[in-house]
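Working notes, structure below.
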Amino acid sequence: MLMADPEDPVFRDLDQFVKTLGLSLVECGVRTKNGTANVHVVLHSSTGLGIDDCAKAHRLLIPRLEKLLGTEDLSVEVGSPGLERNLKFLRELGFYQGKKAKLYLVGGTDWEPGTIEEVLDDSIVFVTSVGLKTVPKAQIYKAKLNDIS
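With this note's numbering applied, the sequence shown corresponds to residues 4 to 152, in that order.
What follows is the structure, encoded as structure tokens:
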């Protein structure tokens, strides 16, 4: 099942911070190994996210992460979601409105391809080969971007 927003305070802080940059925080993972905090950040922009955008975000995130994590010993990786991302959080559905996706519904037997037309509070409008379909978010077991055809 797709998960609700992470409760992690680092995620929440970075989510608000990247919004000021005109970006959306898709995912943030922090792991510590041998005293080094390894941070993986996935960002989204409705206008597209290129290497220069990721580099700019990287430069701006480092001081923020040093403060949040209380260390200067960081390894930070910033990237975009990719064309065939497996969605992890319900919040991501809103980022990909108008994009091709595949849904695997609770009780389903196969992926259903289509386009995320609209994201509502408790459901999404999904355009399939047979027309519009309103899908309750609670019925979405898995979701995946499907921009490569």
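All C-beta atoms, glycine included, are put in the ideal place defined by N, C-alpha and C.
Just to confirm the assignment: which complete beta strand (DSSP E) runs, minimum length 3, are found wholly within the segment 56-120? 77-82 and 103-108
Is the segment 46-56 touching the segment 16-32, taking contact as three or more C-beta pairs under 8 Å? yes
May I ask you to report which of helix, strand or coil DSSP gives Pro9? coil
Taking Thr137 as part of the beta strand (DSSP E), name the residues at either end of that continuous run. Gly134 to Pro139
Can you give me the C-alpha to C-alpha distance between Lys103 and Gly73, rounded to a whole angstrom? 40 Å
Round the Cβ separation of Leu26 and Ala60 to the nearest angstrom and send it over; I've been treating them as touching at under 8 Å. 7 Å
According to DSSP, residues forming a beta bridge with Phe129: Ile119 and Lys136
Less than 8 Å between C-beta atoms, sequence neighbours within five positions excluded: which residues of the same chain meet that for Gly101? Thr118, Ile119 and Glu120
Using a Cβ-Cβ cutoff of less than 6 Å, which residues in the same chain neighbour Thr39 once the five nearest sequence positions on both sides are dropped? Asp76 and Ser78
Alpha carbon to alpha carbon, how far is Ala7 from Lys136? Give it in angstroms, no decimals. Computed Cα separation, rounded: 23 Å.
Val138 beta carbon less than 9 Å from that of Leu90: No.
Can you give the Cα-Cα distance for Val130 and Ala141, rounded to whole angstroms? 18 Å
Just reading off the beta strand (DSSP E) that Asn37 is part of, what are its end residues? No beta strand (DSSP E) holds Asn37; DSSP gives it neither H nor E.
DSSP state of Leu17 mapped onto helix, strand, coil: helix
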